[in-house]
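K.L.:
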Amino acid sequence: MRLGPVGARVCSLAPGIIDTPQGRQEAAKSSSMQRLIEATPLGRTGRSEEVAAVVAFMLSDEASFLNGIDILVDGGVVAAVSR
2 MRLGPVGARV CSLAPGIIDT PQGRQEAAKS SSMQRLIEAT PLGRTGRSEE
52 VAAVVAFMLS DEASFLNGID ILVDGGVVAA VSR
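The numbering of the sequence shown is this note's numbering, which starts it at 2 and goes up by one.
1. What does the alpha-carbon distance come out to for the pair V79 and R48?
2. Within the continuous alpha helix (DSSP H) that includes I72, where are the two ends?
3. Are T41 and G77 touching if we call contact CB-CB under 8 Å?
4. Of the residues V52, G69, M34, which one's Cα is nearest the Cα of P16?
5. What number of angstroms, rounded off, separates the C-alpha of S31 from the C-alpha of F58?
Here it is in structure tokens:
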């Protein structure tokens, strides 16, 4: 609130299960990861470039009015498991 007048914005990004070496290693150890992937409406893991594209948008001039929000980049899994 205090820094908004000087143009500061605070946003966060919450990724779902992203296909990375670390994500694959975790999935190999944890059956809950596979259950989350299966519960994801898009039926797959995300790609790092998909997350990067959202971050690029968040940092762009086109998102200059975006503030005080957490953006889910999770293929819909939070909505699916919250029902």
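The C-beta atom is built at its ideal place from N, Cα and C for all residues, glycine as well.
P.N.:
According to the structure data:
1. Within the sequence shown, numbered from 1, the residue matching residue 79 stands at position 78. Within the sequence shown, numbered from 1, the residue matching residue 48 stands at position 47. Looking at the two C-alpha atoms, the distance is approximately 17 Å.
2. Reading the sequence shown from its first residue, position 71 is the one you call residue 72. Annotation for I72: no alpha helix (DSSP H) segment contains it, though the beta strand (DSSP E) segment containing it runs 70 to 74.
3. Within the sequence shown, numbered from 1, the residue matching residue 41 stands at position 40. Within the sequence shown, numbered from 1, the residue matching residue 77 stands at position 76. Less than 8 Å separates the beta-carbon of T41 from that of G77.
4. Position 15 of the sequence shown, counted from the start, is the residue given in the question as residue 16. Looking at the Cα atoms, V52 is the closest of the given residues.
5. The count along the sequence shown starts at 1 and reaches residue 31 at position 30. The count along the sequence shown starts at 1 and reaches residue 58 at position 57. Between S31 and F58, the C-alpha separation is close to 32 Å.
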